[in-house]
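Visitor: Residue numbers (this note's numbering): 19 to 305. Please see the structure below; I have some questions.
Below you can see the structure in the form of C-alpha cells.
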C-alpha cells in the first residue's frame with residue numbers, strides 16, 4: 019500500500035494500474051474509519067479491483083456552525099485498517115491540494131438535495147457532489163462505493179453520475195450496525211454514555227414502523243406519528259430533526275404506503291446528529 023498526498027501522484031498510481039489491465043475501485047471517506055467504511059473497502063477488494071481509498075475531510079460540505087474543526091480524525095488507525103484490508107493506494111490530500119483557489123464551480127442536484135438532510139443542512143449536498151465529482155475526475159475509477167446509511171447521498175450521487183455521463187458505476191453497500199442495531203457512524207464518538215444507550219431506539223423505531231406498514235399500510239402521517247411517539251419514550255434526550263416517508267427514487271414525500279417507500283429520520287443527541295433509514299417495498303423479498 020502506498021500513501022499519496024497529491025493529485026499527480028494518485029493519477030500516476032491509477033494510470034500504472036490501468037496499464038496493467040486492472041479495474042479501479044474508489045472508496046471516498048472523510049477518515050475516522052469504522053466497520054461501515056471497511057465493509058465498502060472489502061466489497062471493492064472482493065471484486066478484484068485496484069482499490070483507492072480517499073481520506074479527506076471536505077470543508078465545503080460543512081456549514082459554518084457545523085463540526086469541521088472537531089470532526090474525528092484518526093489517520094494512524096485509518097492507514098493501518100486500510101493496509102490490513104488490501105488497499106492499494108490511500109489518497110490523503112490537504113485542503114490546499116483539492117481547493118488551491120476559492121471554489122467558483124459547484125455541482126448540485128437541487129431537486130434531490132433540498133429535502134431530508136438537505137433541509138437542515140443547506141449547501142451540504144452541493145459540497146458533497148462537488149468533491150465527489152473532483153475525486154471521480156482525479157481517480158477515474160470504474161466503481162465507487164458508498165453506504166446505504168447515507169441513502170439520500172447515494173441517490174443524489176447516482177443521479178449526478180447518470181446526468182453528467184461520468185464513466186463510473188456507483189455501488190451502494192448495506193448499512194453496517196453495532197450489535198445493538200445502531201448504524202455505524204464516525205459521529206457516534208460524540209455520544210455520551212446515556213445518549214449511546216438511547217441511540218439504538220432509532221433502529222427499533224424503524225423496525226416498528228416497517229412492521230406497521232407491512233401489516234396495515236397506514237398513511238405516512240400515521241407512521242410518522244408512531245415513530246415520534248416511540249422515540250419520545252425510548253430516546254427522551256434525542257431531538258428529532260425529521261421523520262419522513264418518501265419515494266426511494268425521487269425522495270419526494272408520499273402519503274400512500276402501499277408502494278415502495280423509504281422511512282428516513284435524523285435525531286440529534288448533543289453534538290451528534292444521527293441518521294438512519296429503512297426501505298419497505300410493496301413486493302416482499304425485494305432489497
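Yeah, the Cβ is synthetic: ideal placement off N, Cα and C, and Gly gets one too. Fair warning: this is a prediction, and the values are worked out from it, not measured in the lab.
1) Assess contact between the region 129-139 and the region 42-49, defined as three or more Cβ pairs (one per stretch) separated by less than 8 Å. Is contact present?
2) Within 10 angstroms of its Cβ, does residue 104 collect 16 or more other Cβ (buried), or is it exposed?
3) So, at 7 Å on beta carbons, what are the nonlocal neighbours of residue 300 in its own chain, with the 5 sequence-adjacent residues on each side left out?
4) Residues in its own chain within less than 7 Å of residue 176 by CB, not counting five upstream and five downstream?
5) Quick one: residues in its chain with C-beta nearer than 7 Å to the C-beta of residue 298, no 5 flanking neighbours on either side, listed in chain order?
6) With residue 178 as the anchor, note down where its beta strand (DSSP E) starts and where it stops.
7) As a quick exercise: from 113, 265 and 250, pick the residue whose alpha carbon is nearest that of residue 259.
8) By alpha-carbon positions, which one of 219, 94, 148 and 128 ends up nearest to residue 120?
9) Taking the alpha carbon of residue 171 as the point to measure from, which residue in 184, 268, 57 and 26 has its own alpha carbon closest?
10) How about residue 213 and residue 288: are their beta carbons less than 8 Å apart?
11) Going by C-alpha distance, which of 110, 82 and 159 is nearest residue 6?
12) Which of the three DSSP states is assigned to residue 76 in this structure?
13) CA-CA distance, residue 96 and residue 211?
14) Touching or not, the region 162-171 and the region 51-58, by the rule of three or more beta carbon pairs under 8 Å?
15) What does the Cβ neighbour count give for residue 20, buried or exposed, with the cut at 16 atoms within 10 Å?
16) With the cut-off set at 8 Å, would you say residue 35 and residue 68 are in Cβ contact?
Guide: Per the coordinate set shown:
1) no
2) Taking the first residue of the chain shown as 1, we reach residue 104 at position 86. Exposed is the call here.
3) Within the chain shown, residue 300 is the residue found at index 282, counting from 1. Excluding sequence neighbours, residue 300 sits near 276, 277 and 278.
4) By one-based count along the chain shown, residue 176 stands at place 158. Sequence-distant partners of residue 176 (beyond 5 residues in either direction) whose C-beta falls short of 7 Å from its own C-beta, in its chain, are 188.
5) Translated into the one-based positions of the chain shown, residue 298 becomes position 280. Within the same chain, residue 298 has close Cβ partners 228, 231, 232, 279 and 281.
6) Reading the chain shown from its first residue, position 160 is the one you call residue 178. Residue 178 -> not in any beta strand (DSSP E); alpha helix (DSSP H) instead, spanning 169-181.
7) By 1-based counting over the chain shown, the position of residue 259 is 241. The shortest C-alpha separation from residue 259 is found at 250.
8) By one-based count along the chain shown, residue 120 stands at place 102. The option with the nearest alpha carbon to residue 120 is 148.
9) Within the chain shown, numbered from 1, the residue matching residue 171 stands at position 153. Of the candidates 184, 268, 57 and 26, the one whose C-alpha sits nearest the C-alpha of residue 171 is 268.
10) If you number the chain shown from 1, residue 213 lands on position 195. If you number the chain shown from 1, residue 288 lands on position 270. Their beta carbons are under 8 Å apart, which means residue 213 touches residue 288 by this criterion.
11) Any question about residue 6 goes unanswered here, given that the chain covers just 19 to 305.
12) Along the chain shown, read from residue 1 onward, the residue named residue 76 stands at position 58. In the structure shown, residue 76 sits in coil (DSSP, three-state: anything other than H, G, I, E or B).
13) For the purposes of this step, residue 96 is taken as the residue at position 78 of the chain shown. For the purposes of this step, residue 211 is taken as the residue at position 193 of the chain shown. Their backbone Cα atoms lie some 24 Å apart in a straight line.
14) Yes, they touch.
15) For the purposes of this step, residue 20 is identified with residue 2 of the chain shown, where counting begins at 1. Exposed, by the Cβ-count rule.
16) Position 17 of the chain shown, counted from the first residue, corresponds to residue 35. Position 50 of the chain shown, counted from the first residue, corresponds to residue 68. Yes, Cβ-Cβ distance for residue 35 and residue 68 is below 8 Å.
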